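Reading through the structure tokens given below for one structure.
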């Protein structure tokens, strides 16, 4: 892992402009009432951005959108191969955008950038990739043990 010099990260932090709108039904949108809140870098004690403050109305809209998509069945009826491809792509994108994600994580939490770069983002991508790989490995079948006259089974039957 190539850890950049402090000046590199300070410059990137100055130029960071995270998305601050809500993400509902596949689109970015402001909160219905337009309200925001300030997110603060706990290390530097400076405001990072004004973020949309989702409230009950926004939550209701998001839940309805999620329910509609669920009922439509795009994901629920997707094949294991399709689900695996989607999660694998997410892990790939996290790895491709590791610096950007690590910087945002560091600014939001105040932790050292090396922890975000070395642990948080790669660990998250690995976890998602693990689940992607597991998707087509579960078949809903149970292995039935064979009853053979060998080993412990033979001894148990012999002594019974």
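Numbering (UniProt numbering), first residue to last: 1 to 160. Glycine is no exception: its CB is placed at the ideal position from the N, C-alpha and C atoms. These figures come from a predicted structure and were not determined experimentally.
- Linking residue 7 to residue 20 through their CA atoms gives a straight-line distance of about 25 Å.
- DSSP assignment within the UniProt domain "Aldehyde dehydrogenase" (32-145) yields the following whole beta strand (DSSP E) runs of 3 residues or more, N-terminal first: 36-41, 46-52.
- Secondary structure of residue 11 (DSSP, three-state): helix.
- Annotation: residue 19 is outside any beta strand (DSSP E) and is labelled neither H nor E by DSSP.
- Its chain contains 21, 22 as the residues whose beta carbon lies nearer than 7 Å to that of residue 29, once the 5 sequence neighbours on both sides are disregarded; these appear in chain order.
- Going by C-alpha positions, residue 137 is about 18 Å away from residue 91.
- If you draw a straight line from the Cα of residue 132 to the Cα of residue 85, it comes to about 7 Å.
- Using a Cβ distance threshold of 8 Å, residue 59 and residue 48 do not count as a contacting pair.
- When 55, 14, 88 are compared, the shortest CA-CA separation from residue 33 is found for 55.
- Between residue 70 and residue 62, the C-beta spacing is not below 8 Å.
- Around the beta carbon of residue 105, 16 or more other beta carbons sit within 10 angstroms, so the residue counts as buried.
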